[in-house]
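Counting in my numbering, the sequence shown runs without a single skipped number right up to 437 at its last residue.
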Amino acid sequence: MGLFNKIKNMFKSYDEEEKLVDGEQEELKEESAEESEEIEEELAEEKEIEEEPVDGLNPLAIDQEEPTLEVKEEKPEKKEKKLFKKKDKKEEEKKSVKIYEKGLTKSRQGFVSKLANLTNKYNKVTEEYFEELEEILIMADIGVNTVMDFMDRLKDRVKSENIEDPNELKEIIVDELFIIYVNDEVLSNKINYNENGPTVILFIGVNGVGKTTTIAKIANKLKDEGKKVLMVGADTFRAGAVEQLREWSERVGVGFFGKEGSDPASVVYDGITMAKEEDYDIVLIDTAGRLQNKVNLMKELEKMNKVIDNLIEGGASETLLVLDATTGQNGISQANAFKEITNITGIVLTKLDGTAKGGIVLAIKESVGIPVKYIGLGETKDDLQTFDIEKYIYGLFKDMM
């Protein structure tokens, strides 16, 4: 089964639930209520069994020796917790899929509608069809080099599989775009946690891309996961940057350390020292993004990394580059410029909901070779999502499925 059908089937149930009429929804609620009642009855019965006195034993006789019972089954409360945990996980997954779907609306309407029109326009795969498809992909900000590679792969498959109907290409287009992103690599969208001390995450990126807001949203996510989080304001010379981060830390309810006008490396040293003394799990460091003078920025980042290396075994766990999706190919230029001056472990792509050119995700991975770890799909804290290639493909191509 190709990726197209796999994703279609994977998320099919979510769509079907959305399409249920009111009567059907009520019926499901009744069934759910009945299931809950059955579970409650089962738990009550198990509790009664546990409380029943054993034959021949006087429950009031304090000195009477109690028999040793081997309990193999899980306690009712554990079963109940597992049940709710499973339900919560499913609801969380469903919510995440809907956020992807909503956040990629602009890209889907712009990109997929053009693909649909192209399929309707041609009843046979021709050179003209390929030329128009190429133009659509480039306009979606997938990137010229990525598109050229993609077109070569697509033409090879059309030739080898003797495909003539454009309708048959819909699934292949989705599959090939996925293959380009993955590229036979094991991609991790998870944060690499440090087991030997606080996990340090550096955030880099030019001003205006949403770096500070992104740090706040990630801090909130980590706090909700039970982590003790400290924000460190090391962008010390941009007016108001430290104070802005302090305000976000208060809103989110996490720790903060920062000194305006101080040497960034000195702030990082004091911040990490505080994190170690007060047993913080995560340290999120905001840094300057002045690409105008790459030499100075490189020296600044090198100095900060040396400080981190001296204080934390293994150094910084992550260096995340924050990019604004609405800047398109300019974002890729920024990524390449930052890649020249420091080691980047992942991309955070903000404002993806604000562009009709959602193909930028594929272009970044292909052009820069760095995985996207988070994407911003709206203004709320929940709209910052851990990147999932299958949810992304679904959100982008849902109307074709």
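Each residue gets a CB set at the ideal place from its N, CA and C atoms; glycine is no exception.
Owing to the predicted nature of the structure, the values given are computational and were not obtained by experimental measurement.
Distance, residue j Cα to residue i Cα
{"i": "S353", "j": "F239", "result": "11 Å"}
{"i": "K434", "j": "E137", "result": "8 Å"}
{"i": "I215", "j": "A275", "result": "44 Å"}
{"i": "L385", "j": "G246", "result": "9 Å"}
{"i": "V331", "j": "G297", "result": "20 Å"}
{"i": "N225", "j": "T309", "result": "28 Å"}
{"i": "I174", "j": "S132", "result": "28 Å"}
{"i": "K134", "j": "N256", "result": "20 Å"}
{"i": "N243", "j": "K375", "result": "17 Å"}
{"i": "I237", "j": "D185", "result": "34 Å"}
{"i": "G289", "j": "K387", "result": "24 Å"}
{"i": "I411", "j": "G241", "result": "15 Å"}
{"i": "N346", "j": "V210", "result": "46 Å"}
{"i": "V278", "j": "E204", "result": "54 Å"}
{"i": "D124", "j": "F423", "result": "20 Å"}
{"i": "E168", "j": "L420", "result": "34 Å"}
{"i": "E165", "j": "N159", "result": "The sequence shown places Tyr at residue 165, not Glu. Going from the Cα of Y165 to the Cα of N159 covers about 10 Å."}
{"i": "N379", "j": "W284", "result": "27 Å"}
{"i": "M436", "j": "K150", "result": "11 Å"}
{"i": "I344", "j": "T250", "result": "22 Å"}
{"i": "L432", "j": "E426", "result": "10 Å"}
{"i": "E231", "j": "A311", "result": "14 Å"}
{"i": "I383", "j": "T155", "result": "34 Å"}
{"i": "D315", "j": "D418", "result": "27 Å"}
{"i": "I98", "j": "F293", "result": "The predicted position of I98 is uncertain, since its pLDDT is 39 and thus under 50; no value can be drawn from it."}
{"i": "I43", "j": "G139", "result": "18 Å"}
{"i": "P234", "j": "G414", "result": "30 Å"}
{"i": "L333", "j": "F273", "result": "12 Å"}
{"i": "G269", "j": "Q365", "result": "29 Å"}
{"i": "K191", "j": "F47", "result": "29 Å"}
{"i": "L281", "j": "E338", "result": "22 Å"}
{"i": "E313", "j": "D260", "result": "22 Å"}
{"i": "V194", "j": "I348", "result": "53 Å"}
{"i": "T381", "j": "A301", "result": "20 Å"}
Buried versus exposed, by CB contacts within 10 Å (16 or more), residue i
{"i": "E336", "result": "buried"}
{"i": "E402", "result": "buried"}
{"i": "Y217", "result": "buried"}
{"i": "Q328", "result": "exposed"}
{"i": "Y430", "result": "buried"}
{"i": "V358", "result": "buried"}
{"i": "G307", "result": "buried"}
{"i": "A152", "result": "exposed"}
{"i": "V180", "result": "exposed"}
{"i": "Y229", "result": "exposed"}
{"i": "G262", "result": "exposed"}
{"i": "E212", "result": "buried"}
{"i": "K157", "result": "exposed"}
{"i": "D271", "result": "buried"}
{"i": "N45", "result": "exposed"}
Those residues which DSSP pairs with residue i across a bridge
{"i": "D360", "result": "T386"}
{"i": "T235", "result": "I318"}
{"i": "F166", "result": "None; F166 has no bridge partner."}
{"i": "G291", "result": "L266"}
{"i": "L420", "result": "G412"}
{"i": "E354", "result": "I237"}
Cβ separation of residue i and residue j, assumed to be a contact under 8 Å, to the nearest whole Å
{"i": "L266", "j": "G291", "result": "4 Å"}
{"i": "I473", "j": "V304", "result": "Since the first residue shown for the chain is 37 and the last is 437, residue 473 is missing from the structure and cannot be characterised."}
{"i": "M340", "j": "T362", "result": "29 Å between Cβ atoms; not a contact."}
{"i": "G351", "j": "D360", "result": "Their Cβ separation, rounded to whole angstroms, is 28 Å, which puts G351 and D360 out of contact at 8 Å."}
{"i": "V161", "j": "E207", "result": "Not a contact, Cβ separation roughly 14 Å."}
{"i": "A176", "j": "G325", "result": "In fact, because the Cβ distance is near 27 Å, the residues do not count as touching under 8 Å."}
{"i": "L398", "j": "I178", "result": "5 Å"}
ask   = Is it a yes or a no for the stretch 393-411 touching the stretch 357-373, going by three-plus beta-carbon pairs under 8 Å?
value = yes
Segment contact, 8 Å Cβ cut-off, at least three pairs: the stretch 125-144 with the stretch 375-395 = When C-beta atoms of the stretch 125-144 are compared with those of the stretch 375-395, three or more pairs fall below 8 Å, so the two segments count as touching.
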